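Participant:
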Amino acid sequence: MSRVVILGAGGHAKVVADILQMRGVEVAGFLDDNPLLWGKKLLGLPVLGAIEAFSDFMPCKFVCGIGSNAVRKEIIRCLGDTAADFWETAVHPRATIARSVNLGCGSVVAAHAVINPDCFIGEHVIVNTGATVDHDCTLSDYVHLAPGAHLAGGVNVAEGTLVGIGSQVIPGCKVGAWSTVGAGATVVADIPDYVVAKGTPACW
Numbered sequence: 136m137s138r139v140v141i142l143g144a145g146g147h148a149k150v151v152a153d154i155l156q157m158r159g160v161e162v163a164g165f166l167d168d169n170p171l172l173w174g175k176k177l178l179g180l181p182v183l184g185a186i187e188a189f190s191d192f193m194p195c196k197f198v199c200g201i202g203s204n205a206v207r208k209e210i211i212r213c214l215g216d217t218a219a220d221f222w223e224t225a226v227h228p229r230a231t232i233a234r235s236v237n238l239g240c241g242s243v244v245a246a247h248a249v250i251n252p253d254c255f256i257g258e259h260v261i262v263n264t265g266a267t268v269d270h271d272c273t274l275s276d277y278v279h280l281a282p283g284a285h286l287a288g289g290v291n292v293a294e295g296t297l298v299g300i301g302s303q304v305i306p307g308c309k310v311g312a313w314s315t316v317g318a319g320a321t322v323v324a325d326i327p328d329y330v331v332a333k334g335t336p337a338c339w
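For the sequence shown, this note's numbering begins at 136 and goes up steadily by one.
(1) Going by alpha carbons, who is nearest to residue 198 out of 236, 243 and 206?
(2) What does DSSP give as the partner residue(s) for residue 279 in the beta ladder?
(3) Below 6 angstroms CB to CB, which residues in the same chain sit around residue 293 once its five sequence neighbours on both sides are set aside?
(4) DSSP beta-bridge partners for residue 181?
(5) Note down the Cα distance separating residue 187 from residue 224, rounded to an integer number of angstroms.
(6) For the beta strand (DSSP E) holding residue 163, just list the boundary residues, first then last.
(7) Whole angstroms is fine: what's the gap from residue 231's alpha carbon to residue 307's?
(8) State the start and end residues of the unbroken alpha helix (DSSP H) segment that holds residue 326.
(9) Helix, strand or coil for residue 195? Go by DSSP, reduced to three states.
(10) Can you grab the Cα-Cα spacing for the pair residue 203 / residue 263, in whole Å?
(11) What are the boundary residues of the beta strand (DSSP E) that includes residue 211?
(12) Tell me the DSSP secondary structure of residue 150 in three-state form.
(13) Let me make sure I understand the geometry here. Which of 320, 205, 295 and 327 has the alpha-carbon closest to that of residue 340?
(14) Just to confirm my understanding: we take residue 301, look at its own chain, exclude 5 residues before and 5 after, and list those with CB closer than 6 angstroms. What are they?
(15) In its own chain, which residues sit with a C-beta less than 8 angstroms from the C-beta of residue 170, not counting the 5 before and 5 after it?
(16) For the putative contact between residue 192 and residue 163, defined by C-beta atoms under 8 angstroms, what is the C-beta separation to the nearest angstrom?
(17) Straight-line CA distance for residue 174 to residue 333?
(18) Ordered along the chain, which non-local residues of its own chain (more than five positions away) have a Cβ less than 6 angstroms from that of residue 288?
(19) Starting from residue 142, follow the beta strand (DSSP E) in both directions and report where the run begins and ends.
(20) Keeping to the same chain, check which residues put their C-beta closer than 7 angstroms to that of residue 238; ignore five residues upstream and five downstream.
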């Protein structure tokens with residue numbers, strides 16, 4: 136089993152480290168572009184240096200531990216072309232994922248998350264603590280489903296969108312790219328790209 140280096144050294148990176156350790160994966164440490172963190176430790180693991188030094192740690196595998204969808208995408212873009220096996224997929228042992236789910240490389244599934252049959256989860260997606268994704272949903276690359284968010288069956292969430300903490304989406308809705316569904320919102324109709332939708336029913 137390969138050692139893993141986590142990109143980022145903030146709060147979400149700690150969650151990712153814990154997920155990996157719960158799976159028995161050896162975490163070598165973190166890379167972060169804040170020089171004030173270099174040489175310090177998180178959860179007893181070292182912050183090894185800047186993200187641009189990632190090649191010094193190959194053949195380790197990598198996972199991006201940054202919660203911001205836009206920042207996560209930019210960091211991965213800056214690393215250049217990488218094969219799928221460059222990335223570790225981090226799934227907590229207390230997450231439930233149906234056997235028919237397609238889970239993309241570099242994605243993170245936290246404790247008590249549930250992903251039901253025939254879902255497609257893209258690359259570098261976060262399904263956070265206690266979030267649920269019901270049957271036949273699609274989460275495109277760089278989506279973040281925040282803690283306690285719930286998607287009913289057949290929901291499609293486009294690239295880069297944040298579905299906020301405690302929000303819910305009714306069956307069959309489409310949520311556009313790089314949008315935000317606010318905390319506690321209830322989505323009852325399709326949402327376009329690049330909007331902030333909040334309230335019950337969600338408006339923008």
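Ideal placement from N, C-alpha and C gives every residue a C-beta, glycine not left out. Keep in mind the model is a prediction, meaning the values are calculated, not measured.
Facilitator: Result, derived from the coordinates:
(1) 243
(2) 261 and 297
(3) 275, 311 and 312
(4) 176
(5) 21 angstroms
(6) 162-166
(7) 22 angstroms
(8) Here residue 326 belongs to no alpha helix (DSSP H), and DSSP marks it neither H nor E.
(9) coil
(10) 13 angstroms
(11) No beta strand (DSSP E) holds residue 211; the alpha helix (DSSP H) holding it covers 204-213.
(12) helix
(13) Past the edges of the chain, shown from 136 to 339, lies residue 340, and the structure says nothing about it.
(14) 283, 318 and 319
(15) 185
(16) 6 angstroms
(17) 41 angstroms
(18) 269, 270, 271 and 306
(19) 139-142
(20) 224, 232 and 256
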